[in-house]
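Before any comments, here is the structure.
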Amino acid sequence: MTRRSVLGGAAALAGAGPACALTEKSQVPPDSFTKAIAEAVTALPERAPVEVEERVAWTLLDNLASMLYAGTLARPMSAAAYFAKNTPGRDADVLTADLVSSQTGAASAMAYLLHAAEIDDSDPRGELRASAVIMPACLAAAQAADASGPEFLRAAALGYTLQGRFVQPVGPVQTRGWMASGVWGPPAAAAAVSFLRGRPAADITSAMSLAGSAAGGAFQYYFDQTDEKRIIVARAARAAIESADLAALGEHGAARILEGRAGLYHLFAGTDAPALAQLTDDLGRLEGPLYLRPKFFAASHSIIPTLDGLQAAAPPELDPASIESFIVRGNASWSRIVARKINDFEPPSSRIGAALNFSFVVAMWLVRRSVLPGDYTQEAFRDPDIISLARSGSFEVNDSDHLSIEIVLRYGERIHAVAQDPDRNAPAPLSAAQRMNKFNALAGSRLNEERKADLHEHCMELKNARSMRAWVRHAQKLCGA
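If you count by mature numbering (1 follows the signal peptide of the UniProt record, and there is no 0), then the sequence shown holds residues -21 to -1, 1 to 460, one letter each, in order.
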């Protein structure tokens, strides 16, 4: 498309007479996805289903644990302070940190902290970090609006549901070079924020379309082992708040930002949009939170199923010194993502780089039987046993959609493990005991046993909270912020 063709098309429209004149109403096509979604949103019941409210509360507890741990790290706290102070205000607290800011500042600061330790939850339907954009944006907006606990829970559930429905028909977009949370998170979170504020369908439509225009986030960080993925989600959360703000001021975006010829599905997924009914039908179920899976290893979600498989197959008494090498196998799609990083292993130099490094994570688990945020130390990055074992890895292409790993022992024996990939289209189990073990491990760096128990109870009582401002103030006291 050239400048001449664009101008020619505009001239043709201008010469078509009054029938083609753009009016305020005609800026939103009657059949646009964003308009239909917004209309479905405004028809939601007053409360989310009981099971959904409970799962969002558990999700918040998991998120707070990740943020509490990130608060012990210098770089994440410096970045959170930057985001909070760059757009000053007193609309919202940055949970777990002694920071207060505008809604955009608080949302971006919380998003950065939530994703900083690489142990936040995911939605397997798109292999995306589910909470990194949705939860911070909703927390900031709920404080500013002084929403009730049920109103916050419903808005967050809406964000998770839209994000999940956006991505489910197309799956991961990482193979096309994009961070999925940066693509689908902004429009979903913007709809949730606008709805939480009680805006009409027209504003929700505009908020989604404006946020969609801010979608993106290059996946190159995965290959370069760099840290900007947490900046991508911080910007995405900020864009969600900003888009809802601008929509309320009368700004409009491309209403066909999802399904249009240059919309998100064509641009980021390389395919046509799904049927509209997949995004709008029975939206009141607000099922999105039920698909979220907490991370019980501090690693890229593409690595975790392999760790789960190893944990089930490798005997506890396995001596890492007896391991000669390991072979990872998967189809060509997996080859494009992990083959080079395994075959041409480079030792990591940062926490994020290490958590994204397939060979390093596998080797660290085999040597230490632990992959938690506290394991990513400079000493671990230089550990000769881990580095030597990581260098021994190789990738081979086969026809399987599931990764497998073969541990080759020096005495000729081999241990086979298959990645325990979750059923992407099935709801996730609650796994309450594992969640509590993770919460206690991460929050234990900041909270004593009594405060951990109180914070857990405080999250479970969110469904009865009358004021999110009051709820957050008490949560901050429990977090020592």
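Using N, Cα and C, we set each Cβ at its ideal position, and we do this for glycine too. Predicted model, so just to flag it, every value in this text is computed and none were measured.
- Under the rule that a run must span 4 or more residues, the alpha helix (DSSP H) segments found entirely inside the region 393 to 422 read 411 to 422.
- The Cβ-Cβ distance between A136 and V29 does not fall below 7 Å.
- Per DSSP, the unbroken alpha helix (DSSP H) holding V340 starts and ends at 337 to 347.
- Counting only the Cα atoms, A407 lies some 11 Å from R104.
- When DSSP assignments are scanned along the region 242 to 314, the uninterrupted stretches of beta strand (DSSP E) that are 3 or more residues long and fall wholly within it turn out to be 302 to 309.
- Under DSSP, I384 takes part in a beta bridge, and its partners are V307, A396.
- The three-state secondary structure of G372, taken from DSSP, is strand.
- The Cβ atoms of T140 and G267 lie closer than 7 Å to each other.
- Shown here for A398: same chain residues with a beta carbon closer than 8 Å to its own, the five before and five after excluded, namely P284, T285, D287, G288, H381, L382, S383, I384 in chain order.
- Residue state for S80 is assigned as strand, using DSSP reduced to three classes.
- With fewer than 16 other CB atoms across the displayed protein chains lying within 10 angstroms of its CB, L228 is exposed.
- Per the coordinates, the alpha-carbon of R393 lies some 19 Å from the alpha-carbon of V376.
- In this structure, I211 and A116 do not form a Cβ contact; the two beta carbons are roughly 14 Å apart against a cut-off of 8 Å.
- With 16 or more other Cβ atoms inside 10 Å of its own Cβ, Q153 counts as buried.
- The region 174 to 182 and the region 49 to 69 do not touch, with fewer than 3 CB-CB distances between them shorter than 8 Å.
- In the DSSP assignment, the residues bridged to W157 are A197.
- When rounded, the separation of the alpha-carbon atoms in L92 and M56 is 7 Å.
- Excluding the 5 residues flanking it on each side, N310 has same chain C-beta neighbours closer than 8 Å at V376, N377, D378, S379, D380, in chain order.
- With respect to Q204, G332 sits close: the two C-beta atoms are nearer than 7 Å.
- Under the criterion of beta carbons closer than 8 Å, V350 and F247 do not qualify as touching, at roughly 30 Å.
- When the five nearest sequence neighbours on each side are left out, the beta carbons in the same chain lying within less than 6 Å of the beta carbon of P299 are those of L345, V346, in order along the chain.
- Taken through DSSP and simplified to helix, strand or coil, R214 comes out as helix.
- In the DSSP assignment, R108 is bridged to S101.
- When rounded, the separation of the alpha-carbon atoms in G143 and D102 is 7 Å.
- With fewer than 16 other beta carbons inside 10 angstroms of its own, Q413 counts as exposed.
- Contact between the region 313 to 323 and the region 178 to 195 is absent, with fewer than three C-beta pairs closer than 8 Å.
- Straight-line measurement puts the Cα of I16 at about 19 Å from the Cα of D224.
- Around the beta-carbon of A291, fewer than 16 other beta-carbon atoms lie within 10 Å, marking it exposed.
- For D125, the closest alpha carbon among the candidates A460, W450, D100 is that of W450.
- In the structure shown, A449 falls within a helical segment according to DSSP collapsed to helix, strand and coil.
- In the three-state reduction of the DSSP assignment, A444 falls in the coil class, being assigned neither a helical nor a strand state.
- Taking C-beta atoms as the reference points, A234 and T21 fail to come closer than 7 Å.
- Between A76 and A422, the C-beta spacing is not below 7 Å.
- Straight-line spacing of the CA atoms in P327 and A278 works out to 13 Å.
- In this structure, the CA atom of Q357 is about 27 Å from the CA atom of F62.
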